[in-house]
Each structure stands twice: as structure tokens, then as C-alpha cells.
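Undergrad:
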Ligand code: SF4
Ligand code: SF4
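Numbering (my numbering), first residue to last: 474 to 940.
1) Indicate whether residue 763 and residue 578 have their beta-carbon atoms separated by less than 7 Å.
2) CB of residue 755 to nearest heavy atom of ligand 1: below 6 Å?
3) From residue 512 to residue 669, what distance separates their C-alpha atoms?
4) Starting from residue 790 and walking both ways along the alpha helix (DSSP H), at which residues does that stretch end?
5) Going by CA-CA distance only, name the one from 655, 496, 649, 636 that's closest to residue 611.
6) Taking just the CA atoms, how far does residue 666 sit from residue 915?
7) In three-state terms, what does DSSP make of residue 545?
8) Using the beta-carbon count (16 or more within 10 Å), is residue 482 buried or exposed?
9) Compute every distance between the C-beta of residue 749 and the non-hydrogen atoms of ligand 2, then say whether any falls below 6 Å.
10) Any idea if residue 860 is buried or exposed, counting beta-carbon neighbours within 10 angstroms, 16 or more meaning buried?
11) Report yes if the C-beta distance between residue 902 and residue 894 is below 7 Å; otherwise report no.
12) Whole angstroms is fine: what's the gap from residue 626's alpha carbon to residue 767's?
13) Measure how close the beta-carbons of residue 879 and residue 898 come, nearest whole angstrom, since I'm counting them as under 8 Å.
14) Buried or exposed for residue 651, please, with buried defined as at least 16 other CB atoms from any protein chain shown within 10 angstroms of its CB.
15) Starting from residue 602, trace the alpha helix (DSSP H) in both directions and tell me its first and last residue.
16) Return the residue from the list 673, 917, 687 that minimises the CA-CA distance to residue 750.
17) Would residue 477 be called buried (16 or more neighbouring beta carbons within 10 Å of its own) or exposed?
18) In whole angstroms, give me the CA-to-CA distance for residue 691 and residue 680.
19) Between residue 558 and residue 632, is the Cβ-Cβ spacing less than 7 Å?
20) Do you know whose CA, among 928, 896, 932, 900, lies nearest residue 911's CA?
21) Comparing the CB of residue 740 with every heavy atom of ligand 3, is any distance shorter than 6 Å?
22) If I measure Cβ to Cβ from residue 870 and keep anything under 6 Å in the same chain, skipping five residues before and after, which residues do I get?
23) Kindly indicate the opening and closing residues of the alpha helix (DSSP H) around residue 698.
24) If distances are taken between C-alpha atoms only, which option among 765, 555, 641, 673 comes closest to residue 658?
25) Do the stretch 771-779 and the stretch 736-751 meet, that is, are 3 or more Cβ pairs less than 8 Å apart?
26) Taking the continuous beta strand (DSSP E) assigned at residue 849, which residues delimit it?
27) Could you give the C-beta distance for residue 588 and residue 689, rounded to a whole number, given that I count them as a contact under 8 Å?
28) With a 10 Å radius around its C-beta and 16 neighbouring C-beta atoms as the bar for buried, classify residue 503 as buried or exposed.
29) Taking 6 Å as the line, does the beta carbon of residue 774 fall inside it for any heavy atom of ligand 1?
30) What's the call for residue 867, buried or exposed, on a 16-neighbour Cβ count within 10 Å?
As C-alpha cells, this is what we get:
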């Protein structure tokens with residue numbers, strides 16, 4: 474849709490409200506940063522696709538078992554009660570991201586963001602099947618003949634298979650992946666599993682195959698607010714204007730001074746390799762995902778021209794202006810301090826975590842009863858959760874009032890790893906021992922297998938006061 478300009482004299486000027494996306498065909502690039510990106514991509518994809526297949530202590534090493542409300546992470550079992558640790562982990566991840574952005578700009582976007590990593594792999598598949606950027610462009614502009622459909626069909630087939638494998642792996646983090654694989658082979662997947670495999674698979678296919686740079690430019694909130702974390706000492710990818718301008722072509726090996734030009738030969742390769750289609754020579758732009766492809770290609774050009782590398786490079790604004798760059802500055806200290814405090818808190822929490830949860834529920838129907846023997850009796854139901862990685866056997870005792878008697882199982886209470894049991898108990902006491910209508914008592918539960926595993930839990934004992 475377009476709007477005609479209001480001014481008659483400017484009738485030819487139209488303001489476009491919506492512009493159709495023009496597909497970007499980034500040229501293949503080789504170099505140090507391309508190799509680093511490949512390394513990061515291999516490591517991250519290896520972790521994503523490999524992790525669910527690793528077993529640990531007889532369990533899937535990482536499994537978010539939502540129906541059972543348990544998260545297994547390398548021998549540790551987390552419950553909804555452990556939400557605190559998850560929140561700490563999220564805070565650490567957020568602060569670390571802020572700190573790395575302040576230090577190194579869009580390092581996350583260029584090397585580790587799932588959108589970048591999957592887009593890279595989809596582009597790699599595309600280049601292997603369709604050929605380089607020139608071939609792709611030519612095919613897209615050419616006739617829709619049989620070869621066009623064969624090549625495109627093969628590419629989309631490969632993308633779809635990869636997407637479905639991605640979706641399958643995603644579901645494998647929530648349903649034991651070995652069982653999922655067996656169900657898949659016997660064509661017996663449940664409706665939810667099927668839905669999520671297709672949903673996640675198609676989301677990947679759409680985002681990495683089609684949307685690509687549009688996700689970074691129009692959808693990603695991080696791209697919008699990260700500039701708030703940038704300062705003049707943040708590492709950015711920048712074109713050295715002083716050295717590069719005025720730009721112009723010349724014969725290979727010609728010294729720039731001889732032709733009265735800067736070192737930029739205006740070859741346009743930095744634009745051709747850019748996955749978001751911008752020109753780094755126009756200055757720092759929010760669309761730039763910091764992939765460093767323009768550095769690699771420009772270094773290659775500089776090598777061929779016999780000029781020093783680094784016309785496009787990682788630098789800071791201060792450095793470009795000839796000022797010193799400060800790596801550790803006040804805001805970095807603030808991030809380091811917060812990170813240290815929260816990480817220490819998380820470590821302390823994990824090291825002192827008791828993998829046993831006890832809920833004591835008093836019988837609410839009656840406050841207390843009197844037995845035929847004249848004793849006062851309270852009824853409790855204990856809910857015991859063994860959050861340990863191994864089965865446990867517990868013993869129980871109650872203290873706080875003299876002469877308490879526990880009626881019910883107090884020894885050899887067996888609970889499987891990750892299991893919950895209900896333990897009904899009655900506690901009796903001679904009313905003479907009661908000093909108040911509500912007395913505090915203490916349940917002490919300890920493992921008969923693991924000496925350090927014990928927990929104390931308070932409860933109230935109700936009864937009449939003897940006169
Ligand atoms: S690749 Fe380097 S030399 Fe070529 S246009 Fe870009 S900045 Fe100039
Ligand atoms: S400008 Fe350079 S670093 Fe930024 S996205 Fe384009 S190629 Fe990557």
C-alpha cells in the first residue's frame with residue numbers, strides 16, 4: 474500500500490507504508506571470524522541435539538518432566554518448590570548478557586543466538602543445494618522450469634527434515650527421548666507430542682528458512698534495548714572512515730596515497746556478505762548483528778591489495794577517535810558485583826539444598842480427641858517428597874512436649890527417588906503435660922541411608938489445659 478504525496482508539485486514522491494521484503498543473498502565468506510562462528514555453531518547445535526541422548530545415573534541427563542513436575546539436570550532433581558534456583562539462574566543469565574553486551578557489543582547475536590545459529594545452518598544447506606549467492610539469484614529470476622522445482626523441492630525437503638528433527642529434539646527435553654524415538658518408530662506418538670514436534674519444527678523452518686534477518690530487525694526486543702548498554706568503550710564492528718575515505722577503485726597493489734584515495738576500494742563485498750543487507754560504512758546501525766562477515770571479507774580484500782588488515786574491525790568508538798579504551802569501567806564493576814553475589818547465593822543454595830520436602834497437615838475436622846486412656850490425641854498427615862537422585866529410607870521422631878507418643882510408622886519409611894508419600898500419624902500425650910491449648914512440637918525426619926540428610930519441621934499440638 475502506498476500513499477500519494479500531499480503536495481501537487483511533488484506528485485512523483487510516494488511514501489511507502491509497507492515495502493515488500495527483498496530477499497538477501499549473502500555471499501559465502503571465509504576467514505577467522507567465519508571459522509569462529511562455525512565452531513560456536515557446531516558446539517551449540519551439538520549440545521542441543523546431543524544432550525537429550527545422554528544418560529546420567531540411569532535417567533536422561535536433562536529432562537523437564539512436566540506431568541511429574543520434576544526437572545532432572547545431571548543427577549539433580551528440581552521440583553516446583555525449587556523455583557528459587559531457576560529464578561537465580563535466569564537473573565545470572567540476564568546480568569551476564571548485559572555485561573557481555575556492555576563489553577563486547579552484539580557478541581551474543583553474532584555467535585550464539587539461536588536465530589543466528591539456525592539461520593546459518595539453513596543458509597549452509599541452501600548453499601550446498603542451490604549453490605552460491607549468484608546462482609541462487611539467477612535461479613530465482615529465471616524460468617520456473619523442472620530443474621527450478623527439483624532444486625527448490627530438494628532444499629525445502631532438507632529444511633523440513635532438519636526442522637522436524639529440531640522439533641523432535643525439543644520435545645525430547647520434555648518426554649524421555651528414547652521412549653519418544655520408540656513411539657516414533659512404531660508410529661505411535663501421542664497427540665501433544667506430535668503437535669509440539671510440528672509446531673516447533675515449523676517455527677524453526679519459518680524463522681531460519683524465511684524470516685531470517687527480519688526476526689533480528691523487526692521482532693527481537695533485545696536488538697532494540699541493547700543500545701542502552703552500549704557506551705564509547707563497547708566493542709563494536711566498525712569501518713575506519715579516516716583510513717578508508719575517500720573511497721574509489723584502483724589497480725591491485727596501488728598505494729592509496731598515489732591515487733589520492735583512502736584504503737576502501739569500494740568493491741562492495743562487505744555489503745554483499747552482510748546477512749542483514751546493510752553497509753557497515755554507513756556507521757553503527759541497530760540492524761547489525763555483529764557477525765563479523767564484513768571484517769573477514771574486507772581483510773581478504775586488504776590482503777589482495779597489499780594494505781594492512783583492519784579497515785573494518787572490532788574496535789570501540791573511543792579507539793576510533795584516538796582515545797584510550799577502558800575495558801573495566803564502573804558499570805562493568807556493577808555487573809561483576811551483582812553477578813558474584815547472585816552466583817555465590819546460587820552456589821550456597823545448591824550446596825546446602827536438602828533434597829527432602831515435608832508438609833505437615835493437621836486433621837482440620839477435629840481440634841483434638843480424647844482416648845479411652847484419657848490421653849489427648851492429634852491426627853496429622855505428613856506429605857514426604859524424596860527429591861534425592863536415589864531411593865531413600867527415613868526414620869521419624871517428634872519432640873517438644875514431654876511424654877509424646879507417636880502412633881504410626883516411624884522407621885523404615887521407604888520413598889523412591891522423586892516420589893511423594895502420605896504418612897498418616899497420631900500423636901498422643903497425657904493432658905497434664907500440656908501448658909497451653911496450642912503447643913509447638915517438632916518433627917525430625919532423617920535418612921537411615923544418608924547420614925547428613927535430615928529435616929526439622931514445626932507443627933502445633935492442640936489440646937485442653939489441665940487445671
Ligand atoms: S570490503 Fe572493505 S574495501 Fe571493499 S567496500 Fe567494504 S570496506 Fe571497502
Ligand atoms: S554489518 Fe558486518 S557485522 Fe554487521 S551484520 Fe553486516 S556483515 Fe555482519
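Just so it is clear, CB atoms sit at the ideal spot from N, CA and C, and this is done for glycine as well.
TA: Result, derived from the coordinates:
1) Contact flag set, yes.
2) no
3) 29 Å
4) 790-793
5) Of 655, 496, 649, 636, the residue nearest in Cα terms is 496.
6) 45 Å
7) strand
8) Confidence in residue 482 is poor, its pLDDT being 48 and thus under 50, which makes the residue's placement too unreliable to answer from.
9) yes
10) buried
11) no
12) 31 Å
13) 6 Å
14) exposed
15) 587-603
16) Nearest C-alpha to residue 750: 687.
17) The pLDDT assigned to residue 477 is 41, lower than 50, so where the model puts this residue is not dependable, and the model offers no usable value.
18) 12 Å
19) no
20) 932
21) Among the ligands modelled here, namely ligand 1 and ligand 2, ligand 3 does not occur.
22) 917
23) 694-698
24) 641
25) Yes, the stretch 771-779 is in contact with the stretch 736-751.
26) 849-859
27) 6 Å
28) With fewer than 16 other Cβ atoms within 10 Å, it is exposed.
29) yes
30) buried
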